[in-house]
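Student: Protein chains in written order, with my numbering: chain A, 5 to 329; chain B, 3 to 534. Got a structure for you, questions after.
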Amino acid sequence: MRLLKLVPDDTNLKFLRYRMPFYVVSLLLIAASWGLVMTKGLNYGVDFAGGQEVRLTFSELEEAPIPSLREQIGALGFGDPVIQRFGDANQVSIRVRLPENVENTPGAATAIGNQVISTIESTYENVIRDGNDTVSGKVAGEFREKAVLALLAAMLAISLYIWVRFEWQFGVGALFALVHDVSLTLGMFALFQMEFSLQIIAAILAIIGYSLNDTIVIYDRIRENLKKYRKMPLPELLDLSVNETLARTVMTSLTLLIALVPLLLFGPASLFGLVAAITLGIFVGTYSSVYMAAPILIWLGVNSNSFIPQEGVADKQERIARGES
Amino acid sequence: MLEFPRWRKIWLWSVTLIAIACALPSILSMSNLRWPDALPSPTVNLGLDLAGGSHILLEANPAQVAEQRLENMEEAVRNTMRQAEPRIRIGDVSTSENQLGFMVESAADVDRARELLLPLVNGTGLTREWNLSVVDQTRFVLEPTADGISNAVTDAMDSATEVVRKRIDSLGTREPTIIRQGDTRIVVQVPGLQDPDQLKALLGQTAKLEFKLVDQTALPSDLEQGIAPPGSQIFPYAEGSDFAGSSIAVRRLGGIKGDSLTNAQQSVDPQTNEAVVSITFDQAGGAKFAQLTTENVNKPFAIILDGKVLSAPNINEPIRGGSAQISGNFTTESANALAISLRSGALPVDLTVVEERTVGPDLGADSIKKGLLAMGIGSLLVILLMVFTYGRFGIYATAALVLNVLMLLGIMAVFNTTLTLPGIAGFVLTIGAAVDANVLINERIREERKRGRRVVAAVENGYKEASRAIYDANITNFIAGVLLFIFGSGPIRGFAVVLIIGLFTSVFTAVTLTRLWVAGWLRKARPQDLNI
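Next up, the structure:
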């Protein structure tokens, strides 16, 4: 049986020839992402925004009557409700803000949720309650705080480990790639206003993990080649390393994609956001390992001496004392 | 590198088999098959987001505990001083700014009073519960210590958790999980519960029942302005009671608390046909109740629930039987809920719902079905790709992948972890890492062969060179996982747990087990060439 070869032998693509334009574009994309997050904002789900969210299925209808729902629930006086499709066309999630003092009044949040549901049930028949979430402002604030803290701690610790295992330039490169991945994912969520919840944080963590895998594989090969080809110019050596690991990069990404795409197409609605984010992250993560993590090593001045045991000061003095050159 | 002594083979296989055996109960229960009850059955619990059910996070206000504690201290001090031989007269008692202050009327009693207070102040443990100081010769000031307050909060939360458990059990819901979280929170999870309103109503009710004498000297005009006569305090009538909207003044001290009940039942008053709650006092409570009603015949006393007056009936005759009836315009349901709450005891502190999530069971079941279908399709495609790309080595990789999933499930079951939606993200990442490890190894073997190494050397080198990157990648992810577990909130932790366990199983299956198989095959077949 002849086996499949996705990447022909002796592939030698000049990935790093256009590193400058790619870098500029990447930096612009990162800036644009943060610009989007600042201006359009993230569409926080109930986890991070707090409030009362009910999920309903209109079993008698083809499509949920979103505009009229918005009008009906807006009239209840809890401010503008956030109404989104959720899974099928006849499934929606409706979020209303909770009044300020609701935390001190047991049962008040439930009463609001029930009011929303009974308003809807009075107009439409056979509305199925798929679930509801109540998150107080305080708890939502804690979720936000903890998510940011966990992300930052993980990113920093990862970079430190890579610094210890490789060289500081690699640590900076990995951190840069991670910042790139997280920024672009956030930017995407801001651009399309997809619901941003705790699940998405889990997805971003998975993306970080995957992108890191990629970065480490390439870095490992760079380290190996730095020891092997002492005289090779760095850009050429990086290209060689990326090309040598290309078969693996393509194969792993492809495998993950074919595992994820069915989940995206046929999987449950509740997983859609999570899977979409991870799928996107595979592209972003693969790109960042090649175009963010690798070229930065050139600018940070990595050279083959980085991995040759350095002569300590004491050794040097001893050598001079012995009169050797 | 390819040498496996016999003991090592046995060890590897037994680890694998044990982990897989632990996964069996979970798999059977997911596919609706029965696992023999006689055997131990560790299972992976499905999180509420997958299986449906209710998750409620309750929070207590520690300030309320401190307040309550101050009140109890006041009562204890008064009793101690009254019962002293000879009695120590005190006055000017004040509880403000979280301090209890009082004056001993005769300066000669100061030392004796201090002596008597010491046991109250020191508590039972090694920590001092209150700071006691005497100012201006005769004024005592008691201030709770930080340790004292934190002990009190811990105690209150412990007993609140117990009360919550009793109340939920009385609803007959199956397998609720009730855990303390942090200093002031309790998490309640009830799988399969569709409509948590009843549960929340039950948990939202503190059920602090008090009987206090009505202060008939209060002027209606003062009551309206909220001014209580000295030694009294004002309580509003409960919503739905006969006098809703108005208030009543009751004597602060000398009442009876409802925590000395042995039973509470919902019943019907034969005369009015109204739903009532019948309560039975324990012996001490009954005696106190008898005394209170004997001493105050023909005076009204207020029945107060959670700071709201239900009713204020007249004491027509002494009640000596140790049981009584509470009426308050109840419905059968609300009377039943109150009876349950009273039976399980009052919550030592009010609990508020700060987070609630409910997922309908249909949605959960639908999620699982669709998720399994999609994962099935995905797995099939991955297997095909691996086999067509790496041939024999692809089959090994696939087998390792299957074992990886099984072992991960098995270990999760042993640790009784819960699989949630974010956990699935962890699963995906783990499987990705396992696939990647095999891809790395196989690509490396290809490369080594291309460079002209002989079969055994190529395989050995492939594993050796690829392992470095695999270990580095997994250690970094492990570090990230641990940090996420430490800093993350509930759902992020669900991700972290799966990730951490998955890293171990994926390295074990994708590197160690495949090497064992490849080594076995090389030894037996002695191939001259590799089709890879």
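By construction, the Cβ of each residue, glycine as well, lies at the ideal position given by its N, Cα and C atoms. In this text the structure is predicted, and so the values were computed from the model without any measurement.
Quickly, what does DSSP pair histidine 57 of chain B with across the bridge? List them, please.
Tutor: According to DSSP, which records beta bridges pairwise, histidine 57 of chain B is partnered with B:Gln191 and B:Arg359.
Student: Just the C-alpha distance for glutamate 99 of chain B and threonine 282 of chain B, rounded to the nearest angstrom, thanks.
Tutor: Distance between the alpha carbons of glutamate 99 of chain B and threonine 282 of chain B is about 37 Å.
Student: Could you list the residues in the stretch 123-147 of chain A with a C-beta less than 8 Å from some C-beta on chain B, going in chain order?
Tutor: The residues in question are Ile132, Arg133, Asp134, Gly135, Asn136, Asp137, Thr138, Val139, Ser140, Lys142, Val143, Glu146 and Phe147.
Student: Given tryptophan 167 of chain A, which residues of its chain have a CB within under 6 Å of its CB, disregarding the five upstream and five downstream residues?
Tutor: Gly175, listed in sequence order.
Student: Could you run through the stretch 462-475 of chain B and flag, in chain order, every residue whose CB is less than 7 Å away from some CB of chain A?
Tutor: Per Cβ criterion, the list reads Arg470, Ala471, Asp474 and Ala475.
Student: Whose Cβ in chain A lies nearer than 8 Å to the Cβ of aspartate 185 of chain B?
Tutor: Neighbours of aspartate 185 of chain B on chain A: none; closest Cβ ~13 Å, over 8 Å.
Student: On the three-pair Cβ rule with 8 Å, is the stretch 376-384 of chain B touching the stretch 465-477 of chain B?
Tutor: At 8 Å Cβ cutoff, the stretches do not touch.
Student: I want to verify the contact list: residues of chain B whose CB lies under 8 Å from the CB of aspartate 13 of chain A, in sequence order.
Tutor: Result: Lys452.
Student: Going by Cα to Cα distance, which pick from B:Thr296, B:Lys310, B:Leu408 and B:Ala459 is closest to alanine 23 of chain B?
Tutor: Residue B:Leu408 is the option with its Cα nearest to alanine 23 of chain B.
Student: Counting only Cβ pairs nearer than 7 Å, list the residues of chain A close to isoleucine 397 of chain B.
Tutor: Neighbours of isoleucine 397 of chain B on chain A: none; closest Cβ ~12 Å, over 7 Å.
Student: Using CA coordinates, which residue listed in B:Leu59, B:Ala460, B:Val441 and B:Lys259 is at the minimum distance from isoleucine 472 of chain B?
Tutor: Per the Cα distances, B:Val441.
Student: Could you check whether the stretch 370-380 of chain B touches the stretch 264-271 of chain A, counting it as contact only if at least three pairs of C-beta atoms, one from each stretch, sit closer than 8 Å?
Tutor: The answer is yes - the stretch 264-271 of chain A touches the stretch 370-380 of chain B, with three or more Cβ pairs under 8 Å.
Student: Identify every residue that forms a DSSP beta bridge with arginine 253 of chain B.
Tutor: B:Ser234.
Student: So which residues of chain B does aspartate 224 of chain A contact, with C-beta pairs closer than 8 Å?
Tutor: The contacting residues are Arg470, Ala471 and Asp474.
Student: Nearest chain A C-beta to threonine 391 of chain B closer than 9 Å, yes or no?
Tutor: Answer yes: the Cβ-Cβ gap between threonine 391 of chain B and chain A drops below 9 Å somewhere.
Student: Shortest alpha-carbon distance to lysine 44 of chain A belongs to which of A:Phe193, A:Gly285 and A:Gly83?
Tutor: Checked all of A:Phe193, A:Gly285 and A:Gly83; the closest Cα to lysine 44 of chain A is A:Phe193.
Student: Can a CB atom of chain A be found closer than 9 Å to the CB of methionine 159 of chain B?
Tutor: Methionine 159 of chain B does not count as touching chain A.
Student: Below 8 Å on the Cβ atoms is my guess for leucine 423 of chain B versus aspartate 51 of chain B; work out the distance and round it to an integer in Å.
Tutor: Between aspartate 51 of chain B and leucine 423 of chain B the Cβ distance is about 5 Å, and since that is below 8 Å, they are a contact.
Student: On the DSSP bridge list, what partners appear for lysine 310 of chain B?
Tutor: According to DSSP, which records beta bridges pairwise, lysine 310 of chain B is partnered with B:Leu307.
Student: Can you tell me which residues form a DSSP beta bridge with isoleucine 181 of chain B?
Tutor: Beta-bridge pairing links isoleucine 181 of chain B to B:Val189.
Student: Which residues in chain A have a C-beta closer than 7 Å to the C-beta of lysine 372 of chain B? List them in chain order.
Tutor: Within 7 Å Cβ-Cβ: Phe270, Gly271 and Pro272.
Student: Shortest alpha-carbon distance to valine 183 of chain A belongs to which of A:Lys18, A:Ser30 and A:Lys9?
Tutor: Looking at the Cα atoms, A:Ser30 is the closest of the given residues.
Student: Using DSSP with H/G/I as helix, E/B as strand and the rest coil, what is proline 64 of chain B?
Tutor: Reduced to three states, the DSSP call for proline 64 of chain B is helix.
Student: Can you tell me the Cα-Cα spacing of valine 143 of chain A and tyrosine 392 of chain B, whole angstroms?
Tutor: Taking the straight line from one Cα to the other gives about 50 Å.
Student: Along the stretch 479-491 of chain B, what residues have a CB closer than 7 Å to any CB found in chain A?
Tutor: Listed by position along the chain: Asn479, Ile481, Ala482, Leu485, Leu486, Phe489, Gly490 and Ser491.
Student: Which residue comes first and which comes last in the beta strand (DSSP E) that contains alanine 284 of chain B?
Tutor: Note that residue 284 of chain B corresponds to aspartate in the displayed sequence, not to alanine. Counting along the chain, aspartate 284 of chain B falls outside any beta strand (DSSP E), and DSSP gives it neither H nor E.
Student: Hey, quick one: how far does the beta strand (DSSP E) through glycine 55 of chain A stretch, first residue to last?
Tutor: It spans 55-62 - the beta strand (DSSP E) in which glycine 55 of chain A sits, taken as one unbroken run.
Student: With a 10 Å radius around its C-beta and 16 neighbouring C-beta atoms as the bar for buried, classify aspartate 51 of chain A as buried or exposed.
Tutor: Aspartate 51 of chain A comes out buried.
Student: Between valine 67 of chain B and isoleucine 90 of chain B, is the Cβ-Cβ spacing less than 9 Å?
Tutor: Not closer than 9 Å, so no.
Student: Just checking: is the beta-carbon of leucine 99 of chain A within a distance shorter than 9 Å of some beta-carbon in chain B?
Tutor: With the sequence shown as reference, residue 99 of chain A is identified as arginine, and leucine is not the correct amino acid for it. By this cut-off, arginine 99 of chain A is not an interface position.
Student: Between the beta-carbon of threonine 432 of chain B and the beta-carbon of valine 499 of chain B, is there less than 9 Å?
Tutor: Not closer than 9 Å, so no.
Student: For arginine 446 of chain B, which residues in the same chain have their Cβ closer than 6 Å to its Cβ, ignoring the five residues on either side in sequence?
Tutor: For arginine 446 of chain B, where only same-chain residues beyond five positions count, the Cβ hits under 6 Å are Gly464, Glu467 and Ala468.
Student: Taking valine 384 of chain B as the query, report the chain A residues whose CB atoms sit under 7 Å from its CB, ordered along the chain.
Tutor: Those within 7 Å of valine 384 of chain B in chain A are Thr259, Ile262 and Ala263.
Student: Please state the DSSP three-state secondary structure of glutamine 139 of chain B.
Tutor: Here glutamine 139 of chain B sits in coil by DSSP.
Student: Is threonine 219 of chain A buried or exposed, if buried means 16 or more other CB atoms sit within 10 Å of its CB?
Tutor: Buried: at least 16 other Cβ atoms inside 10 Å.
Student: For the structure I just gave you, are there three or more beta carbon pairs, one from the stretch 61-79 of chain B and one from the stretch 152-162 of chain B, closer than 8 Å?
Tutor: Touching, yes, given that three or more Cβ pairs across the two stretches are closer than 8 Å.
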